[in-house]
Amino acid sequence: MSQALLNVSGVSKRFGGVQALSDVGLSITPGQVHGLIGPNGAGKTTFFNVITGLVPSDQGRFELAGKAYKPSAVHKVAQAGIARTFQNIRLFADMTVLDNVRVGRHVRTQVGWWQALLRTRAFTREEDQITRDATALLDFVGLGHKAHQTARTLSYGDQRRLEIARALATEPKLLALDEPAAGMNATEKVQLRELIERIRAQGRAVLLIEHDVKLVMGLCDQVTVLDQGKRIAQGPPAAVQCDPAVITAYLGTSHRPA
Amino acid sequence: MNKRVQAFLISAVALAVLPLLLQGFGEAWVRILDTALLYILLALGLNIVVGFAGLLDLGYIAFYAVGAYLFALLASPHLIDNIPAVAAMFPHGLHIPIWLAIPLGAGVAGLAGVLLGAPTLKLRGDYLAIVTLGFGEIIRVFLNNLDAPVNITNGPKGVNSIDPIRIGGVSLGEPWQVMGMTLPPVTLHYYLFLLIVVVAVVISLRLHDSRLGRAWMAIREDEIAAKAMGLNTRNLKLLAFGLGAMFGGVAGVLFASFQGFVSPESFSLQESVMVVAMVVLGGLGHIPGVILGAFLLAALPEVLRHVAGPLQAMTGGRLDAAILRQLLVALAMIGIMLARPRGLWPSPRHEDRLIPDEDAPARAHGGRA
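Shown next, in the form of structure tokens:
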């Protein structure tokens, strides 16, 4: 196994009387798609929010690309190289599709406001570069022809893809997707799967929360299963699928795994 | 010749000739224009805070007050008369030149903007509005009460005998003879204010179309998503507060010299609300709309002054003209907001032309949570 990109261990989080996470950990290597599954309320999204700095953890050790990082502020985590999407899509709804992605480039560019006021050459050059990068990313996710539409007018599947494009614009080492296939139809799911495979081919790691078992099993290299805030299984999809604890907790006793 | 250049030249000439035509009907009309220009400057500044970054600031007039009092104190005999130490330091009197006063006013107001913005960073929406409203009032109460034990602001009596602006030996406080024409002070001020408003418009437009402008709008749209994109929302918000306050400070400096007198009364909550109304009525975040809103709301009460008179006569004097005027302004605002809820001249929306994909989940889940 190559050097881990993200290494998280011993994460605990309590909300009042609810132990949302207890001693959860996982590790992801570059170019790997890592699935995070579990029944509703298992703590998947909480774990996600802890890793990306949205929710402070009570305990836990975090390492990104061999360096310890403290998920204390969301924007610092993004700067360090973890970009995420949201379960309930959070686009900049009244901005254009292109501008949504251009905002994603903000963190990798640096021209200051006084240069914007003076319209210096550095400013124009960087703006052109931002627009080129953003357009390339829109083409990559297949939204190039909708660049000048307002984000809120996109279909649901397109909004999901735009969120991915915006996250990719921050040049993440790890892309964290929170239920990207929720509400998608079969065609859109196939496109999504193909998109995630292309992202993996770029050498980025992907952390994927998903309810769609078929998608997770077909796409992921590793799967971590959470139930009631605890990790109950981890391993390649085929092994996890046969794990009796997983079948009981997640798939239910009356269902056969897909 | 290119159409844009033509349009630009025509409007430039129109704006230059306008006061010359109006001053024939009476200087009061040009004075209305001057006031409108000051309000446009204020509205453009507030538009950075409210329109771009989405931070509802109900105490914006405080920065106008900071600029106005800064110039009032540094360009009037008030401090020399009241504080012997200052009199000893400046035996020839305090007369700050305008080219120094404008950057100083912008700087001090900008600093005040950052200082007052800092404690409000975690607040949003209604809560932010209430806190900024409080800060605005605090500044006014300070100005009202800083006349004892050391008389700094002269309290509710205000500061008078403020120097008029002098530019290259021409005082804007006296009529100026040029090319066989006599330009009264109101017209001279008009040209100066117009120049500064044009600069402010250019600054606003350039900020809007930059990386920074997009970052502000992202915060306005969804702060958490903006953070997740790596934006340092704290610094960006402080920058919006600071830059917005700078416009207010400059407007304050101009106001103080234009009036020759400042008192805390000019910086009441009513004024803050007025500037917010201009921004919202014109079209939040859209610069031409904001200018239109500021112009209308600044000029409308003056026009209504002429309408209220006859109405008062019709009712046999039972209707008070001042109250009637407020009523008409309020009715006009309610009417406009009902008919055009996004403002008179909002930013163009792209979906106006495009039919969104028919997709059941898209409607069920909405655009965002």
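Line by line, the protein sequences give chains A and B. Per our numbering, the very first residue in the first sequence carries number 1; after that it's consecutive. Per our numbering, the very first residue in the second sequence carries number 1001; after that it's consecutive. Ideal placement from N, C-alpha and C gives every residue a C-beta, glycine not left out.
What are the complete beta strand (DSSP E) segments, minimum 3 residues, inside the segment 1124-1182 of chain B? Counting only runs of at least 3 residues, the segment 1124-1182 of chain B fully encloses the following beta strand (DSSP E) elements, listed from N- to C-terminal order: 1176-1178.
**Check whether B:I1040 and B:A1294 have beta carbons under 7 angstroms apart** = In contact: B:I1040 and B:A1294 (Cβ atoms closer than 7 angstroms).
With a CB to CB cut of under 7 angstroms and the five nearest residues on each side skipped, what residues in its chain are close to B:L1128?
The answer, listed in chain order, is L1055, L1056, T1120.
Where A:W114 falls, given that 16 or more other Cβ within 10 Å makes a residue buried
Exposed, because fewer than 16 other Cβ atoms sit within 10 Å of the Cβ of A:W114.
C-beta atoms of B:V1250 and B:I1083 nearer than 7 angstroms:
Taking 7 angstroms as the Cβ cut-off, B:V1250 and B:I1083 do not qualify as a contacting pair.
Problem - chain E contacts made by the segment 1105-1135 of chain B, where a contact means CB separation under 7 angstroms - result: Absent from the structure is chain E; the protein chains it does hold are A and B.
Quick one: Cα of A:A83 to Cα of B:A1322, how far? About 58 angstroms.
message = For the segment 1271-1291 of chain B, list every residue whose C-beta sits within 8 angstroms of some C-beta in chain A, in sequence order.
response = The residues in question: there are none.
- Task: Please report how far the alpha carbon of B:I1287 lies from the alpha carbon of B:L1205, in whole angstroms.
- Result: The straight-line gap from Cα to Cα measures roughly 7 angstroms.
message = Counting only beta-carbon separations shorter than 7 angstroms, does A:T224 have a partner in chain B?
response = Closer than 7 angstroms: no.
Just to make sure I have the definition right: I need the residues of chain B whose C-beta is within less than 7 angstroms of the C-beta of A:G104. Which are they? The contacting residues are M1229.
Practice problem: Return the chain-ordered list of same chain residues with a C-beta closer than 6 angstroms to the C-beta of B:M1278, the five sequence neighbours on each side being excluded. | Solution: These residues qualify, in order along the chain: A1043, G1293, A1294, L1297.
Beta-carbon proximity list for A:F92, same chain, < 8 angstroms, skipping 5 on both sides
If we look at A:F92 and ignore the five residues flanking it on each side, its Cβ neighbours are D99, N100, V103, A151.
query = To which residues does DSSP link A:E63 through a beta bridge?
reply = BP columns for A:E63 point to A:N7, A:A68.
key: Neighbour list for A:A136 in chain B, Cβ cutoff strictly below 7 angstroms   = Result: empty, since nearest Cβ-Cβ is about 18 angstroms, beyond 7 angstroms.
Just confirm the distance between the C-beta atoms of B:L1037 and B:L1194, as a whole number of angstroms; I'd bet it's less than 8 angstroms.
The Cβ separation is near 6 angstroms, so the contact holds.
Requested in this report: Use the C-beta contact count for B:L1070: other C-beta atoms within 10 angstroms, 16 or more gives buried, fewer gives exposed.
Outcome: Around the C-beta of B:L1070, 16 or more other C-beta atoms lie within 10 Å, and the residue is accordingly described as buried.
Query raised in the report: Is the CB-CB distance between A:L154 and A:A167 below 7 angstroms?
Result: Against a cut-off of 7 angstroms, the Cβ pair of A:A167 and A:L154 comes out as no contact.
Exercise for the section: Answer yes or no: does any C-beta atom of chain B fall closer than 7 angstroms to that of A:E216? Expected result: At residue 216 of chain A the sequence reads Val, which differs from the Glu that was named. Taking CB atoms only, A:V216 has no neighbour in chain B less than 7 angstroms away.
For A:K44 and B:D1222, what's the separation of their Cα atoms in angstroms? For A:K44 and B:D1222, the distance between alpha carbons rounds to 23 angstroms.
query = Under three-state DSSP, which class holds A:T29?
reply = Of the three classes helix, strand and coil, the one that applies to A:T29 here is coil, per DSSP.
Using beta carbons (cut-off 7 angstroms, strictly below), is B:L1236 in contact with chain A? No, because no Cβ of chain A sits closer than 7 angstroms to the Cβ of B:L1236.
Please report whether the beta-carbon of A:V55 lies at a distance below 7 angstroms from any beta-carbon of chain B. Cβ-Cβ to chain B under 7 angstroms: no for A:V55.
- [ ] Consult DSSP for A:Q19 and reduce its assignment to one of helix, strand or coil.
- [x] A:Q19: strand per DSSP, three-state reduction.
Query raised in the report: In this structure, does DSSP put B:S1347 in helix, strand or coil?
Result: Three-state DSSP puts B:S1347 in coil, outside helix and strand.
### Task
Identify each residue in the segment 52-78 of chain A for which the Cβ-Cβ distance to at least one residue of chain B is less than 9 angstroms, and report them in chain order.
Of all residues in the segment 52-78 of chain A, T52, G53, L54, A73, V74, H75, K76, V77, A78 have a Cβ within less than 9 angstroms of some Cβ in chain B.
**Asked** Who pairs with A:V206 in a beta bridge, going by DSSP?
**Response** DSSP output for A:V206 lists A:V33, A:L175 as bridge partner(s).
Nearest residue (CA-CA) to A:K173, options A:E188, A:D221, A:V77, A:L54: Ranking the options by Cα distance to A:K173, first place goes to A:V77.
Query raised in the report: With C-beta atoms as the reference, is A:G203 less than 7 angstroms away from A:P30?
Result: Against a cut-off of 7 angstroms, the Cβ pair of A:P30 and A:G203 comes out as a contact.
DSSP three-state label for A:T187, please. In the three-state reduction of the DSSP assignment, A:T187 falls in the helix class, which pools H, G and I.
**Asked** So, is the C-beta of A:L6 closer than 7 angstroms to a C-beta in chain B?
**Response** Closer than 7 angstroms: no.
- Closest by C-alpha distance to B:A1339, when choosing among B:L1281, B:V1013, B:I1196, B:R1214: Closest in alpha carbon position to B:A1339, among B:L1281, B:V1013, B:I1196, B:R1214, is B:L1281.
Quick check: what's the CA-CA separation for A:C220 versus A:V55? The alpha-carbon atoms of A:C220 and A:V55 are separated by roughly 26 angstroms.
In chain B, what lies closer than 7 angstroms to A:W114 by C-beta?
-> Taking a Cβ-Cβ threshold of 7 angstroms, none of the residues of chain B is close to A:W114; the smallest such distance is about 10 angstroms.
Fill in: Length of the line joining the Cα atoms of A:S57 and B:P1346
Distance between A:S57 and B:P1346, taken at the CA atoms: about 43 angstroms.
Query raised in the report: Among A:G183, A:A249, A:Q191, which residue has its Cα nearest to the Cα of A:D227?
Result: With distances taken between Cα atoms, A:D227 lies closest to A:A249.
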